[in-house]
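Below is one structure, written out as structure tokens; the observations come after it.
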Amino acid sequence: MSILYNTNSSLIPKFQRHNLIRPHRSESKLQNEFHSRHIKDSDEYLKDLCRTNWAPSLHRRINKFDQLELSINAFCALIVRNFLGWYGDKIPTQDDQFPTLVFDLIQDTLTHLKKCEIDFESLLCDQLALILSQHVQAMKRLVNSDSSLFLDYCNLTLYHNQYPQLITKRLKKPLDNQSELQSTLLEAIFDDLLLGKILDRVLEPYYILHALRKLPVDQEKGAVHNTWSFENALKSIASLGGLIARIATGSNKKSDQRPFLYRYIFTFLFQDVLRLYDKKPLLFALFKCLQFCTFGFKPMDKFLHNVFQNTLTTTITTAATWQKLFITLRHMLFPQDTEMGPATQIPTGEALERVKSEACDTLWKFLQIRHMDRLSGTTQDDVHLWIEILSRDKRCNKLLCFRIIDCLLANLDSH
782 MSILYNTNSS LIPKFQRHNL IRPHRSESKL QNEFHSRHIK DSDEYLKDLC
832 RTNWAPSLHR RINKFDQLEL SINAFCALIV RNFLGWYGDK IPTQDDQFPT
882 LVFDLIQDTL THLKKCEIDF ESLLCDQLAL ILSQHVQAMK RLVNSDSSLF
932 LDYCNLTLYH NQYPQLITKR LKKPLDNQSE LQSTLLEAIF DDLLLGKILD
982 RVLEPYYILH ALRKLPVDQE KGAVHNTWSF ENALKSIASL GGLIARIATG
1032 SNKKSDQRPF LYRYIFTFLF QDVLRLYDKK PLLFALFKCL QFCTFGFKPM
1082 DKFLHNVFQN TLTTTITTAA TWQKLFITLR HMLFPQDTEM GPATQIPTGE
1132 ALERVKSEAC DTLWKFLQIR HMDRLSGTTQ DDVHLWIEIL SRDKRCNKLL
1182 CFRIIDCLLA NLDSH
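Each residue of the sequence shown is one higher than the one before, starting from 782 at the first, in our numbering.
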């Protein structure tokens, strides 16, 4: 059956009446949870989830996915299913050509991302650090203000009424085929669903506060230190030797790259966040001396670059990290692996203030246990300010997220 684009067509009531007597309509209430005989989030479970949401003609390709591809495709399949489920009432069809094209688009996007060679050091340590710095500086000026926080924030960051349309325009550009129908559909997917409803839920400040309240602060001192043994000592020496070998043979990137300690992330951390120049001037002076020394001593600077690259490749950019991220997002948005779960009841007023207070106390204890308060001169008032910056206005966090996404897309466009 072809798609009925004319919503006034006489065939639509006929199609809908036919659907009303189909068994799956009467059993729809039983489909609120996805069932599989495999352990949740295992490879076979994710394959079952993908096969359930994609057309049978795609199952052979799904069976060949690795763990990361399964995690991403399971998440994307649920997003597509929920969007098409909403849109299906307006465009009734049993033709799987469109979902297949969406599936191909997802795979092409993943293939393109795998081939991209991004300068992560510049992206993380300069570009994103600058965006975060601008955000923190603006929020510090406004957090104690009684005026319209979001409008003032937009003025201070020089961004207003540009998002998410600017991001959607970037995403639509490689797909443009002069079709108004496709353009409208993509705008609905990006503006209303991905960058609208879903991003609103993910960026709710309550989730950040809730995560901070779960920081480990009740560990016994005896549990922190492992019992010494000759075997543990050998393992530690072997691990250290492997680390040094990886660092020493790190990738030799362009020799004219910026000295590592002059990356903007150190300005962001030591000046915007910790304010070491005011609280720990001696420590700040030592860092400035170290900056100068590494600038003139290239082997030390190369060592620091290699340390960063090693940390990046062993923690941040690993397949396991991204796999865990998409699994977490799927659990948050689709708790039953079917429809988007009901929105969490977000506390307001006094209840929200209690959550903020608990998050502040937990983070403060966490810093004290690790003696980070003494090292950096951080006070409880600083922690309270950080919590306020994180939770004062969700719209500010959303605009920050838009700017980060825009920066990431710009880096992808340049490769």
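Just so it is clear, CB atoms sit at the ideal spot from N, CA and C, and this is done for glycine as well. Since we're looking at a predicted model, the values are computed, not measured.
Sequence-distant residues of the same chain with beta carbon closer than 6 Å to residue i, five excluded per side
i: I1046; result: C906 and A910
i: Q1104; result: Q848, L849 and S852
i: I989; result: L1171
i: L1055; result: S1157
i: M920; result: I1170
i: F901; result: L1093
i: A1100; result: L849
i: F1078; result: none
Own chain residues within Cβ distance below 7 Å of residue i, not counting five before or after
i: F1107; result: S852, I853 and F856
i: R1176; result: F931
i: D1154; result: L1148
i: A836; result: D877, P880 and T881
i: Y826; result: S817, H819 and I820
i: E1139; result: R994
i: L923; result: L930, D933 and Y934
i: K828; result: I843, N844 and L851
i: R884; result: Note on residue identity: the sequence assigns Phe, not Arg, to residue 884. Only W835 and L839 meet the Cβ criterion.
i: D822; result: I1108
i: K810; result: Annotation note: pLDDT 41 at K810 (below 50); position unreliable, no value reported.
i: R1184; result: I912 and Y940
i: A969; result: none
Integer-rounded CB distance, given that residue j should sit under 8 Å from residue i
i: F1147; j: L996; result: 4 Å
i: A858; j: L830; result: 7 Å
i: L984; j: N1178; result: 5 Å
i: L1071; j: F1065; result: The Cβ separation is near 11 Å, so there is no contact.
i: K950; j: S964; result: Not confirmed; about 10 Å, so no contact.
i: F1068; j: F1051; result: 6 Å
Beta-carbon gap between residue i and residue j smaller than 8 Å
i: L1171; j: P986; result: yes
i: T1094; j: T1102; result: no
i: R982; j: L1110; result: no
i: L1190; j: I948; result: yes
i: F864; j: L962; result: no
i: Q918; j: D1059; result: no
i: K1137; j: I1186; result: no
i: R832; j: I843; result: yes
i: D1194; j: F815; result: no
i: C1188; j: L980; result: no
i: P1128; j: G1122; result: no
i: N1192; j: I899; result: yes
i: Q915; j: T938; result: yes
i: L1180; j: Y940; result: yes
i: P945; j: L976; result: yes
Own chain partners of residue i with C-beta closer than 8 Å, once the 5 adjacent residues on each side are dropped
i: Q1161; result: C1141 and W1145
i: V1005; result: Residue placement at V1005 is poorly supported in this model, since its pLDDT is 44, which falls under 50; the coordinates still yield a value, given next. Nothing meets the Cβ criterion.
i: T1075; result: P1040, F1041, L1042, M1081, D1082 and L1085
i: V740; result: For residue 740 there is no data in the structure shown, the boundaries of the chain being 782 and 1196.
Cβ-heavy atom distance, residue i to the ligand HEM, below 7 Å
i: P955; result: Among the components of this structure there are no ligands whatsoever, and the ligand HEM is therefore not found.
Checklist entry - Considering only residues of the region 923-1004, which uninterrupted beta strand (DSSP E) runs meet the minimum length of 3 residues and lie entirely inside it, listed in chain order? => result If only uninterrupted beta strand (DSSP E) runs of at least 3 residues are considered, none is enclosed by the region 923-1004.
Item to check | alpha helix (DSSP H) runs contained entirely in the region 1094-1118, provided each spans 4 or more residues | outcome: Taking only runs of at least 4 residues, the alpha helix (DSSP H) segments lying wholly in the region 1094-1118 are 1100-1114.
Next on the checklist: Extract the residue ranges of the alpha helix (DSSP H) inside the region 1027-1085, only unbroken runs of 4 or more that lie entirely within it.
Outcome noted: Whole alpha helix (DSSP H) segments, 4+ residues: 1045-1048, 1057-1060 and 1062-1077.
Checklist entry - In chain order, which continuous runs of the beta strand (DSSP E) of length 3 or greater are located wholly inside the region 1127-1171? => result Counting whole runs of 3 or more residues, the region 1127-1171 contains no beta strand (DSSP E) stretch at all.
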